[in-house]
Amino acid sequence: MKALTIKNFKTAPVFSQDVPEPTTDETFDTLIDVLAAPIENFDKANAAGRHYSSTYWHPAFPSIPGASGIGRRVDNGKLVAFPARTLKPQFGSYAQRTVANSKLLLEIPENTDLYSSTAAASSLLTSVAPLKFSLDMQPGDTVLINGATGFAGQLAI
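Numbering (the numbering used here), first residue to last: 2 to 158.
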(Lines of atoms letter the chains of each structure in order from A and count residues from 1; the text may use other names and numbers.)
(Lines give C-alpha, C1' and ligand atoms only; values in the text may rest on other atoms or scores of the structure.)
Protein backbone atom coordinates (compact mmCIF):
# COMPACT_ATOMS: atom_id res chain seq x y z
CA MET A 1 0.00 0.00 0.00
CA LYS A 2 1.14 3.58 -0.67
CA ALA A 3 1.32 5.97 2.28
CA LEU A 4 3.12 8.95 3.73
CA THR A 5 5.15 7.64 6.66
CA ILE A 6 7.23 9.04 9.46
CA LYS A 7 10.24 7.11 10.72
CA ASN A 8 10.76 9.32 13.80
CA PHE A 9 9.84 12.76 15.11
CA LYS A 10 13.03 14.40 13.81
CA THR A 11 12.87 13.78 10.05
CA ALA A 12 10.30 14.79 7.44
CA PRO A 13 7.64 12.31 6.31
CA VAL A 14 8.47 10.24 3.23
CA PHE A 15 6.32 8.64 0.54
CA SER A 16 6.45 4.84 0.78
CA GLN A 17 5.03 2.28 -1.63
CA ASP A 18 5.37 -0.87 0.45
CA VAL A 19 3.52 -0.07 3.67
CA PRO A 20 1.68 -3.04 5.22
CA GLU A 21 -2.12 -2.91 5.08
CA PRO A 22 -3.75 -1.89 8.37
CA THR A 23 -5.48 -4.59 10.40
CA THR A 24 -8.72 -4.40 12.33
CA ASP A 25 -9.23 -5.19 15.99
CA GLU A 26 -12.09 -5.05 18.50
CA THR A 27 -12.14 -1.23 18.69
CA PHE A 28 -10.95 -0.23 15.23
CA ASP A 29 -13.11 -2.64 13.27
CA THR A 30 -13.59 -1.07 9.84
CA LEU A 31 -11.23 -0.75 6.89
CA ILE A 32 -11.59 2.47 4.90
CA ASP A 33 -10.35 3.29 1.39
CA VAL A 34 -9.18 6.90 1.81
CA LEU A 35 -10.47 9.33 -0.82
CA ALA A 36 -9.49 12.71 0.68
CA ALA A 37 -7.60 13.89 3.76
CA PRO A 38 -6.78 17.42 4.92
CA ILE A 39 -3.29 18.54 5.90
CA GLU A 40 -3.98 20.29 9.19
CA ASN A 41 -1.60 22.12 11.53
CA PHE A 42 -2.56 19.46 14.07
CA ASP A 43 -1.26 16.71 11.76
CA LYS A 44 1.98 18.56 11.05
CA ALA A 45 2.65 19.12 14.76
CA ASN A 46 1.82 15.51 15.54
CA ALA A 47 4.12 14.11 12.87
CA ALA A 48 6.94 16.32 14.18
CA GLY A 49 6.40 15.22 17.80
CA ARG A 50 5.42 18.76 18.85
CA HIS A 51 1.86 18.03 19.97
CA TYR A 52 0.99 16.57 23.36
CA SER A 53 -0.82 13.68 21.63
CA SER A 54 2.05 12.79 19.28
CA THR A 55 2.97 9.63 21.18
CA TYR A 56 -0.70 8.53 21.20
CA TRP A 57 -0.97 8.84 17.41
CA HIS A 58 2.52 7.49 16.74
CA PRO A 59 3.28 4.89 19.44
CA ALA A 60 5.86 3.18 17.20
CA PHE A 61 7.57 3.77 13.87
CA PRO A 62 7.09 3.72 10.98
CA SER A 63 3.76 5.46 11.42
CA ILE A 64 1.25 7.10 9.09
CA PRO A 65 0.14 10.67 9.93
CA GLY A 66 -3.29 12.16 9.24
CA ALA A 67 -6.10 12.30 11.79
CA SER A 68 -9.22 12.74 9.63
CA GLY A 69 -10.70 12.56 6.16
CA ILE A 70 -13.34 11.05 3.90
CA GLY A 71 -13.36 7.56 2.46
CA ARG A 72 -15.36 4.50 1.51
CA ARG A 73 -15.97 1.59 3.86
CA VAL A 74 -14.48 -1.60 2.43
CA ASP A 75 -17.20 -3.81 3.98
CA ASN A 76 -20.30 -2.07 2.58
CA GLY A 77 -19.08 0.62 0.15
CA LYS A 78 -20.70 3.51 2.06
CA LEU A 79 -19.13 6.97 1.87
CA VAL A 80 -18.06 8.14 5.33
CA ALA A 81 -16.28 10.99 7.08
CA PHE A 82 -13.85 10.01 9.79
CA PRO A 83 -13.18 12.88 12.20
CA ALA A 84 -10.19 13.04 14.54
CA ARG A 85 -10.05 10.29 17.18
CA THR A 86 -11.83 7.87 14.81
CA LEU A 87 -8.70 6.23 13.38
CA LYS A 88 -6.42 3.62 14.89
CA PRO A 89 -3.15 5.16 16.12
CA GLN A 90 -0.23 4.58 13.75
CA PHE A 91 -2.62 4.15 10.77
CA GLY A 92 -3.52 7.71 9.78
CA SER A 93 -5.36 9.03 6.74
CA TYR A 94 -2.32 9.81 4.58
CA ALA A 95 -2.51 6.35 3.06
CA GLN A 96 -4.53 4.43 0.52
CA ARG A 97 -6.31 2.60 3.33
CA THR A 98 -6.85 3.17 7.04
CA VAL A 99 -8.78 1.52 9.86
CA ALA A 100 -11.45 3.19 12.00
CA ASN A 101 -13.91 2.71 14.82
CA SER A 102 -17.24 2.10 13.03
CA LYS A 103 -19.22 3.70 15.89
CA LEU A 104 -17.55 7.06 15.21
CA LEU A 105 -17.89 7.15 11.41
CA LEU A 106 -20.29 9.66 9.85
CA GLU A 107 -22.14 8.40 6.79
CA ILE A 108 -22.37 11.13 4.16
CA PRO A 109 -24.39 11.45 0.92
CA GLU A 110 -22.91 10.01 -2.27
CA ASN A 111 -23.10 13.38 -4.06
CA THR A 112 -20.87 15.08 -1.48
CA ASP A 113 -18.06 17.27 -2.83
CA LEU A 114 -15.23 15.34 -1.18
CA TYR A 115 -12.57 18.00 -1.39
CA SER A 116 -14.66 20.95 -0.17
CA SER A 117 -16.11 18.83 2.63
CA THR A 118 -12.69 17.63 3.71
CA ALA A 119 -11.31 21.16 3.74
CA ALA A 120 -14.34 22.57 5.58
CA ALA A 121 -14.44 20.10 8.48
CA SER A 122 -11.97 21.79 10.84
CA SER A 123 -13.33 25.24 10.00
CA LEU A 124 -16.83 24.06 10.88
CA LEU A 125 -15.56 22.80 14.23
CA THR A 126 -14.04 26.19 15.05
CA SER A 127 -16.86 28.39 13.73
CA VAL A 128 -20.30 26.86 13.39
CA ALA A 129 -20.13 24.24 16.16
CA PRO A 130 -19.35 26.72 18.97
CA LEU A 131 -22.13 29.04 17.80
CA LYS A 132 -24.64 26.23 17.55
CA PHE A 133 -23.73 24.11 20.57
CA SER A 134 -21.77 26.24 23.06
CA LEU A 135 -23.85 29.41 23.25
CA ASP A 136 -27.41 29.94 24.37
CA MET A 137 -28.12 32.36 21.52
CA GLN A 138 -31.59 33.82 21.20
CA PRO A 139 -33.23 35.71 18.31
CA GLY A 140 -32.04 39.31 18.38
CA ASP A 141 -28.65 38.51 20.02
CA THR A 142 -25.61 40.21 18.51
CA VAL A 143 -22.54 38.19 17.63
CA LEU A 144 -19.18 39.57 16.54
CA ILE A 145 -17.50 37.25 14.04
CA ASN A 146 -13.76 37.88 14.34
CA GLY A 147 -12.19 37.03 11.00
CA ALA A 148 -15.47 37.18 9.11
CA THR A 149 -13.73 37.56 5.75
CA GLY A 150 -11.96 34.20 6.04
CA PHE A 151 -13.37 30.75 5.28
CA ALA A 152 -14.28 29.88 8.90
CA GLY A 153 -15.78 33.35 9.37
CA GLN A 154 -17.93 32.98 6.28
CA LEU A 155 -19.19 29.62 7.57
CA ALA A 156 -20.05 31.24 10.92
CA ILE A 157 -22.01 33.97 9.18
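Heads up, the beta-carbon is just placed ideally off N, CA and C, and yes, glycines get one too.
Euclidean distance between Cα positions of S103 and S64: Here residue 103 is taken as the residue at index 102 of the sequence shown, counted from 1. Here residue 64 is taken as the residue at index 63 of the sequence shown, counted from 1. C-alpha separation (whole angstroms): 21 Å.
For D34, the three-state DSSP class (helix, strand or coil): Reading the sequence shown from its first residue, position 33 is the one you call residue 34. Strand, per DSSP.
Short of 7 Å in beta carbon distance, which residues of its chain neighbour F43, apart from the five on each side in sequence? Order them along the chain. Counting from 1 along the sequence shown, the entry for residue 43 is found at position 42. Scanning its chain for C-beta atoms nearer than 7 Å, with the 5 sequence neighbours on each side dropped, one finds around F43 the residues H52 and A68, in chain order.
Contact check, S128 vs A149, beta carbons under 7 Å: Within the sequence shown, numbered from 1, the residue matching residue 128 stands at position 127. Within the sequence shown, numbered from 1, the residue matching residue 149 stands at position 148. For S128 and A149, no; Cβs fall outside 7 Å.
For a minimum of 4 consecutive residues, which ranges assigned as the alpha helix (DSSP H) are wholly contained in the stretch 78-151? Correct list: 115-127.
Span of the alpha helix (DSSP H) holding S55? Counting from 1 along the sequence shown, the entry for residue 55 is found at position 54. Per DSSP, S55 belongs to the alpha helix (DSSP H) from S55 to W58.
Using only CA atoms, which one of S55, T119, Q155 and K3 lies nearest to L132? Looking up residue 132 in the sequence shown gives position 131. Measuring from the Cα of L132, the nearest candidate turns out to be Q155.
Ordered along the chain, which non-local residues of its own chain (more than five positions away) have a Cβ less than 6 Å from that of T87? As a position in the sequence shown, residue 87 is number 86, starting the count at 1. Excluding residues within five positions, the ones whose Cβ falls inside 6 Å are A101, N102 and L105.
Assuming K89 and F29 make a contact with CB atoms under 8 Å, what is their CB distance in whole Å? As a working note, residue 89 is residue 88 in the sequence shown. As a working note, residue 29 is residue 28 in the sequence shown. Confirmed, about 4 Å.
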